[in-house]
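Trainee: Numbered continuously in the numbering used here, the sequence shown closes out at residue 360.
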Amino acid sequence: MKAFAVINPILEAIKYFYLKANNTCIRQKIDNIIRNREVTAEQAEAIMHPAMVLEKFLDENIVMPSCAEELFGDIPCIEGADSLNTCIAALLTDRALRSEIRNIDEAEQLLLSQTQPQAISNITINLTSANIHAAAEAHSYNGLLSVLEGLPLTNDSRWKILFVLQHYEQYVRLICNSLRSAVGLIEANPQLYAYALKDFEHDYSDISDIIEVIEDENGVDTASADGRVYPTVIGSNSFTVHTGESDGTRTVYYVGLSVRAIGRLPLRGIEKMDYDEAFRILADKNRMKIMQLLCGEQAYGLELAEKLKLSPNTISHHMSKLQKCGLVISSFEGNRVYYRANKAAVDEFIRMLSKKLRVK
């Protein structure tokens, strides 16, 4: 595994438009860090500073394309399900990012040269990024249909993805044209982020600590011996895996510059969290089933997925929510992360809930 202190302006532009199309910003991400982690506002801002600088520059110099919501908006999921954190643009550009292409014209040429089976394969790989083995086996149209059926998407979202595939060339051109201006600005202004990349090649030549948590939370193997690691600035708190072809020989990791620093911050305990928020999290029937299982015994991600007949990706989303509100804790055993109920937090939550619902 080798790290390269080079950003991909195509990825940065996609992540920027994704933020804006979903009416969010780096400031909101900082607020989420402060709410969920033991950290001061000043510390959180320092961790996310490179992303704030680049976002501000793009805000001042970019006009959002009229098709931003369609191309860069979150792909809607069914009510109660967590976002897949992807968009149409991300689905269609996966191959270019995996090929480490940073020139938008070169990326467009590569994407337009793909056959339909290749396009299907790359869309499927992006949709199943948390489960590489599933992606590798689903290169056919029927395989894509099976993947779409297994994800918590709305019917409209499934049809939209199939429609985009049917009009693949048109959408590739539209996406690349929408990105071109932002990509050019990011390329032309390296002074905005170069300082943050100074030690990247040394500090991220080994990201096993990050990968270990990611793969165990999802219950799958995402590591690659010859993986290549690149930074992302706008996606400072994101970790994106662009898997290799079916033989798994090439994996590209785009690691947010703040991921490691954020991961080392202790999660706030439930006593410092909003009890109403914890109650909302438990209102999801699958999360309640997970808690019922974990109150009886510990389990790891893939084990929970098999017991509840959910995808590893869905389990990962649920575990993230339950851990953030303090109801679930984890520990390493061998090469796996095991989850168990935080008995003290569960007891306190029940006590507080009883107090809130008590009839006077």
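All residues carry an ideal CB built from backbone N, CA and C; glycine is no exception. The structure displayed is predicted, hence computed values, not measured ones.
Please report the Cβ distance between Asn-122 and Asp-156, rounded to the nearest whole angstrom; I am assuming they are in contact, meaning their Cβ atoms lie under 8 Å.
Mentor: Their Cβ separation, rounded to whole angstroms, is 22 Å, which puts Asn-122 and Asp-156 out of contact at 8 Å.
Trainee: Under the rule that 16 or more other beta-carbon atoms within 10 Å means buried, what is Tyr-339, buried or exposed?
Mentor: Here Tyr-339 is buried. Its C-beta has 16 or more other C-beta atoms within 10 Å.
Trainee: How would you call Cys-295, buried or exposed, if buried means at least 16 neighbouring beta carbons within 10 angstroms?
Mentor: exposed
Trainee: Any idea what DSSP makes of Pro-231, helix, strand or coil?
Mentor: strand
Trainee: Taking C-beta to C-beta, are Ser-146 and Ile-62 nearer than 8 Å?
Mentor: no
Trainee: Taking the beta strand (DSSP E) that Leu-18 falls in, what are its first and last residues?
Mentor: In the sequence as displayed, the identity of residue 18 is Tyr instead of Leu. Here Tyr-18 belongs to no beta strand (DSSP E); instead the alpha helix (DSSP H) covers 9–21.
Trainee: Does the Cβ-Cβ distance between Phe-4 and Val-229 come in under 8 Å?
Mentor: yes
Trainee: Name the residue from Val-53, His-318, Ile-33, Cys-77 whose alpha carbon lies nearest to the alpha carbon of Gln-191.
Mentor: Val-53
Trainee: What three-state label does DSSP hand Leu-256 in the structure shown?
Mentor: Sequence check: residue 256 is Gly here, not Leu. Here Gly-256 sits in strand by DSSP.
Trainee: Please work out which residues of its chain come closer than 7 Å, Cβ to Cβ, to Cys-25, disregarding the five sequence neighbours upstream and downstream, and give them in chain order.
Mentor: Leu-19, Glu-55
Trainee: The beta strand (DSSP E) with Arg-98 in it runs from where to where?
Mentor: Segment 88–98 is the alpha helix (DSSP H) holding Arg-98; no beta strand (DSSP E) there.
Trainee: Less than 8 Å between CB atoms is the rule here; does Gly-301 satisfy it with respect to chain C?
Mentor: The displayed structure is made up of one protein chain only, and chain C is not part of it.
Trainee: With a Cβ-Cβ cutoff of 8 Å, do Met-291 and Ala-341 count as a contact?
Mentor: Their beta carbons are under 8 Å apart, which means Met-291 touches Ala-341 by this criterion.
Trainee: Assuming Val-241 is part of the beta strand (DSSP E), what are its boundary residues?
Mentor: Per DSSP, Val-241 belongs to the beta strand (DSSP E) from 239–242.
Trainee: Shortest alpha-carbon distance to Asn-142 belongs to which of Phe-163, Ala-344, Ile-120, Asn-126?
Mentor: Ile-120
Trainee: Drop a sphere of 10 angstroms on the beta-carbon of Pro-266, count the other beta-carbons inside from all chains shown, and report buried for 16 or more, exposed for fewer.
Mentor: For Pro-266, the number of other beta carbons within 10 angstroms of its own is below 16, and it is reported as exposed.
Trainee: What number of angstroms, rounded off, separates the C-alpha of Ile-34 from the C-alpha of Thr-115?
Mentor: In a straight line, the C-alpha of Ile-34 is about 46 Å away from that of Thr-115.
Trainee: So the alpha helix (DSSP H) Tyr-141 belongs to, where does it begin and stop?
Mentor: Segment 141–150, the alpha helix (DSSP H) holding Tyr-141.
Trainee: Is DSSP giving Tyr-204 helix, strand or coil here?
Mentor: coil
Trainee: Taking the alpha carbon of Asp-31 as the point to measure from, which residue in Leu-282, Glu-303, Ile-262 has its own alpha carbon closest?
Mentor: Ile-262
Trainee: According to the Cβ coordinates, are Ala-278 and Leu-308 closer than 8 Å?
Mentor: no
Trainee: Cβ atoms of Ser-205 and Ile-47: under 8 Å apart, would you say?
Mentor: no
Trainee: To the nearest angstrom, report how far apart Gln-170 and Glu-108 are at their CA atoms.
Mentor: 11 Å
Trainee: Nearest to Leu-174 by CA position, among Arg-264, Glu-69, Glu-38, is which residue?
Mentor: Glu-69
Trainee: Quick one: residues in its chain with C-beta nearer than 8 Å to the C-beta of Leu-112, no 5 flanking neighbours on either side, listed in chain order?
Mentor: Contacts found: Glu-169, Val-172, Arg-173.
Trainee: When you compare only the Cα positions, how much space is there between Ile-101 and Ile-14?
Mentor: For Ile-101 and Ile-14, the distance between alpha carbons rounds to 14 Å.
Trainee: So which of Ile-78, Asp-276, Leu-127 has the shortest CA-CA distance to Leu-144?
Mentor: Closest in alpha carbon position to Leu-144, among Ile-78, Asp-276, Leu-127, is Leu-127.
Trainee: Among Ala-21, Pro-50, Thr-40, which has the Cα closest to the Cα of Lys-198?
Mentor: Pro-50
Trainee: Taking only the alpha-carbon atoms, compute the straight-line gap between Ile-350 and Lys-29 and give it to the nearest angstrom.
Mentor: Roughly 30 Å between the two C-alpha positions.
Trainee: Within 10 Å of its beta-carbon, does Ala-344 have 16 or more other beta-carbons around it, so buried, or fewer, so exposed?
Mentor: exposed
Trainee: Count the other C-beta atoms from every protein chain shown that fall within 10 angstroms of the C-beta of Glu-12, then say buried if there are 16 or more, exposed otherwise.
Mentor: buried
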